[in-house]
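Those letters in the sequence shown? Residues 495 to 566, by the numbering used here. Remarks on the structure that follows.
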Amino acid sequence: MARVTVEDCLEQVPNRFSLIHLAFQRVKQLRAGDPQRVQTKNKEVVVALREIAAGKVDFPFEKELPLVKKKD
């Protein structure tokens, strides 16, 4: 399988910060026993990124992101 890149993932996710959050959530699911959505023998982090790049992960992650307070 081709090497997964951040650019591949950013076609599915609006920005790199959301990508980090989404990948983290997916890794937690994989470690808890959720089945892989793409067949690969990589570690959980790489599996999560491959799934995101393939468009097989969908989270309502915008609602889960912490709010950032603006400094005055």
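From the three backbone atoms N, C-alpha and C, an ideal C-beta is built for every residue, glycine too. Please read all numbers here as calculations on a predicted model, not as lab measurements.
8 angstroms Cβ shell around K564 - same chain, five flanking residues per side excluded: Residue placement at K564 is poorly supported in this model, since its pLDDT is 49, which falls under 50; the coordinates still yield a value, given next. So no residue of the chain qualifies.
Contacts around L513, its chain only, beta-carbon distance under 8 angstroms, and the 5 residues preceding and following it disregarded: So the qualifying residues of the chain are V500, C503, L504, V507 and I546.
Would A542 and R520 be called neighbours here (beta carbons separated by less than 7 angstroms)? yes
Going residue by residue through the region 503 to 529, where are the continuous alpha helix (DSSP H) segments of at least 4 residues, counting only ones entirely within it? 510 to 525
Note the first and the last residue of the continuous alpha helix (DSSP H) segment covering R531. Segment: none, R531 is in no alpha helix (DSSP H) and carries neither H nor E.
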